[in-house]
Amino acid sequence: MNNNTLPNAVASIEETANYHQQLLNQYSDPKVIIPSNPDTPKLMPYNGYYTLDTAKGAFFAIDANMIIRPTAASPEYDMSLLISLDGTTATRFSFTGTFDGSNLIQKWTMDGLDISLTFTRTNSSYGTTVNCKGSISLPGASAVSVAGSTYNNPIPASLYKGDFYYTPVVGGPSVRVMHIGNNNKLMYDYGTNDGNLQEVAAYIYNLNMYYFSLMHGITNVKLIMGTAAAQGFACNDMSFIDNNLNSRSLTTIPNGIAPQPQLSDFTLAGTGHDALANFSGYYQIPTEANPLAFVSVQAQYVSLASKLTLDLYSVMISYSLDGVSSTGFLFDASKGMTFDTTLNTLMIPASSGQKPLVLTFNRDYNERTGALVSVTGDIDGTSISGSTLFNPVPLSAFGGVTMTNDNGDALTINNDNSVTYASITKIISGSETETDQKTTTYNSLIYVPLMYIVAAPADAPKLVLSLGTDGTKGNVSIVITEPNTPNQKTTSVYAINDTK
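Start counting the sequence shown at 0; every next residue gets the next number (numbering that gives the first Met the number 0).
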């Protein structure tokens with residue numbers, strides 16, 4: 000399961016997409032100067048959504064957007080602070096304060112905004128990446144003590160360097176449709192599928208949700224980035240003309256093949272799967288000759304019942320030593336594969352003429368690169384070293400408040416093992432319209448912590464969720480019911496549904 004294959008994914012970034020459009024329109028005039036704050040680069044590594052303890056669904060977010068335009072010699076950045084202390088309303092404020100590497104101070108005396116927060120990294124442990132603590136006073140309100148944490152880690156656009164391919168016909172040849180190069184150079188075919196790429200002169204990239212926004216005439220393009228195990232990087236490419244959507248799924252290694260886990264491949268915790276799953280990530284292992292080489296660890300877990308501690312795990316391991324071809328396989332203890340939880344070392348015995356694979360992981364934040372985990376070892380006789388900026392996020396991180404939409408649909412993340420979805424269907428009979436509500440709690444599900452994707456129930460999914468965050472709307476999800484059937488329906492729900 001990959002979020003880049005889900006239809007209409009742009010619906011989950013509605014508020015951020017609108018903000019990007021505002022920035023594109025505002026800064027298309029070369030005479031308009033983008034406000035610069037010297038402390039923005041210091042604050043950017045702390046980009047992310049911080050769940051606060053002031054109320055269910057409350058959050059504080061540091062939201063960074065990189066702006067590329069032809070009149071600027073280097074990237075420019077727009078930094079916002081998003082605040083919801085009650086979990087029901089949220090406001091976006093420009094970052095105009097100071098940050099010394101630990102302490103964020105922003106005071107607007109005239110409006111009454113007063114932010115004083117201290118940030119602390121959780122460098123060596125699995126789970127959250129940063130904690131924050133302090134006080135926030137919103138305009139016209141008294142100061143409130145807050146504490147929170149985030150699982151997020153900013154991903155720069157440069158991480159996705161490479162050629163991206165689209166396969167128009169399943170099993171047919173792939174065509175290069177996008178290229179991300181050095182110095183933030185973006186080349187794109189604007190949907191022609193003819194292999195002819197044009198340089199994109201102006202675009203915006205969001206470091207929290209990993210996506211590009213750009214315009215081409217009346218065409219609005221959204222490029223949502225991700226990873227796809229043995230297929231390398233992935234992109235959900237969506238072009239809009241008015242309300243008409245054209246969507247393509249792109250990958251950097253379109254011919255990369257890896258076995259798809261079946262329920263029989265999932266194993267109980269304690270066999271190494273669960274410990275290895277904690278190191279899920281896309282590890283770049285570049286060399287001078289092969290700068291796009293990588294190792295991918297992508298875990299899934301199956302929960303069979305919310306009241307039982309009976310999680311089953313499956314871990315896909317993929318690697319490419321040249322960035323062009325790849326190998327993928329499932330971690331299988333029955334084949335002699337082991338994961339040493341003391342040394343954090345993965346060992347795959349030699350087979351089919353290949354030498355053993357040995358990888359050792361070390362969780363320690365790198366201030367220079369922003370990486371969370373490093374990896375060293377040996378793959379098929381080649382010594383490798385690299386790191387990942389990605390961090391797996393538990394399903395419960397998207398809990399807090401029920402996500403809704405104007406149609407009346409509602410999604411509740413109950414815990415790491417259970418979700419409840421209520422859907423509304425309107426039935427029109429003559430001049431009368433009736434509504435039919437169906438509420439289902441799923442205690443059996445599959446979850447991918449690296450890609451925030453849920454499928455439920457586990458044996459025959461009738462519900463697929465692609466979770467994330469969206470600016471001042473907080474937690475959001477694309478919801479697909481009855482997937483891959485004639486009755487498939489796609490919608491989106493939001494923690495803060497303020498469109499009414």
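Glycine included, each C-beta is placed from N, C-alpha and C at the ideal position. If you're wondering where the values come from, they're calculated on a predicted model, not measured in any experiment.
Can you give me the C-alpha to C-alpha distance between Asp28 and Ala229, rounded to a whole angstrom? Answer to the nearest angstrom: the Cα atoms are 42 angstroms apart.
According to DSSP, Tyr164 sits in a beta bridge with which residue or residues? Arg175, Thr250
Given a threshold of 16 other Cβ atoms within 10 Å of its Cβ, counted over all protein chains shown, does Lys488 qualify as buried or as exposed? Residue burial annotation: Lys488 is exposed, with fewer than 16 other C-beta atoms found within 10 angstroms of its C-beta.
Using beta-carbon positions only, say whether Ile168 and Asn192 come within less than 8 angstroms of one another. In the sequence as presented, Ile is not what sits at residue 168; that position holds Val. No, they are not a contact pair.
Taking the beta carbon of Pro448 as the centre, do at least 16 other beta carbons fall within 10 Å, making it buried, or is it exposed? buried
Locate the alpha helix (DSSP H) running through Thr15, then write down its first and last residues. 13 to 25
Is the segment 65 to 78 touching the segment 386 to 401 in the sense that three or more CB pairs, one from each, lie closer than 8 angstroms? Segment contact: the segment 386 to 401 against the segment 65 to 78, fewer than three CB-CB distances shorter than 8 angstroms; contact not assigned.
Determine, using beta carbons only, whether Val418 and Leu444 come nearer to each other than 8 angstroms. Against a cut-off of 8 angstroms, the Cβ pair of Leu444 and Val418 comes out as a contact.
Mind listing, in chain order, the continuous beta strand (DSSP E) runs of no fewer than 3 residues lying wholly within the segment 317 to 398? 326 to 329, 337 to 339, 344 to 347, 356 to 362, 372 to 378, 381 to 387
If we ignore side chains and look at the alpha-carbon of each, how far apart do Asp188 and Asn235 end up? 14 angstroms
How big is the Cα-Cα spacing for Ile61 and Thr218? So the alpha carbons of these two residues sit roughly 29 angstroms apart.
I want to know whether the segment 471 to 478 touches the segment 324 to 339 - three or more CB-CB distances under 8 angstroms. no
Endpoints, alpha helix (DSSP H) assigned at Lys41: 39 to 42
Excluding the five sequence neighbours on either side, which residues of its own chain have a C-beta within less than 6 angstroms of the C-beta of Asn7, listed in chain order? Confidence at Asn7 is low in this model, with a pLDDT of 37, below 50, so its placement is unreliable and no value can be given for it.
Who pairs with Val220 in a beta bridge, going by DSSP? Leu213, Ser238
From Ser101 to Phe94, what does the alpha carbon distance come to, in whole angstroms? In this structure, the CA atom of Ser101 is about 15 angstroms from the CA atom of Phe94.
Just tell me which of Leu42, Thr97, Ser302 has its CA closest to the CA of Asn414. Ser302
Just how far apart, CA to CA, sit Ile479 and Ala454? 9 angstroms
For Thr50, count neighbouring Cβ atoms within 10 angstroms of its own Cβ and tell me buried if that reaches 16, exposed if not. buried
Residue ranges of each beta strand (DSSP E) run of no fewer than 3 residues wholly in the segment 48 to 73, ordered along the chain? 58 to 67
Taking the straight line between their C-alpha atoms, what separation do you get for Ala288 and Tyr150? 34 angstroms
Count the other C-beta atoms from every protein chain shown that fall within 10 angstroms of the C-beta of Ala72, then say buried if there are 16 or more, exposed otherwise. exposed
Among all the DSSP beta bridges, which residues are the ones paired with Glu198? Met186
Run the proximity test for Ala409: is its beta-carbon closer than 7 angstroms to any non-hydrogen atom belonging to the ligand GTP? Among the components of this structure there are no ligands whatsoever, and the ligand GTP is therefore not found.
Report the rounded CA-to-CA distance for Val357 versus Val374, giving the unit in angstroms. 10 angstroms
Where Tyr204 and Lys160 are concerned, what is the direct C-alpha to C-alpha distance, given to the nearest angstrom? Cα to Cα, Tyr204 sits roughly 14 angstroms from Lys160.
In angstroms, rounded to a whole number, what distance separates the CA positions of Leu464 and Tyr441? 12 angstroms
Proximity winner among Ser386, Phe239, Asp469, relative to Ala508 (alpha-carbon distances): Absent from the model: residue 508. The displayed extent of the chain is 0 to 499, so no value can be given.
With 16 other Cβ atoms within 10 Å as the buried cut-off, status of Lys221: buried
Outcome for Arg247 when other beta-carbon atoms lying within 10 angstroms are tallied against a minimum of 16: buried
Would you mind reading off the limits of the beta strand (DSSP E) that contains Leu137? Segment: none, Leu137 is in no beta strand (DSSP E) and carries neither H nor E.
Is Asn414 helix, strand or coil by DSSP? strand
In three-state DSSP terms, what is Thr439? strand
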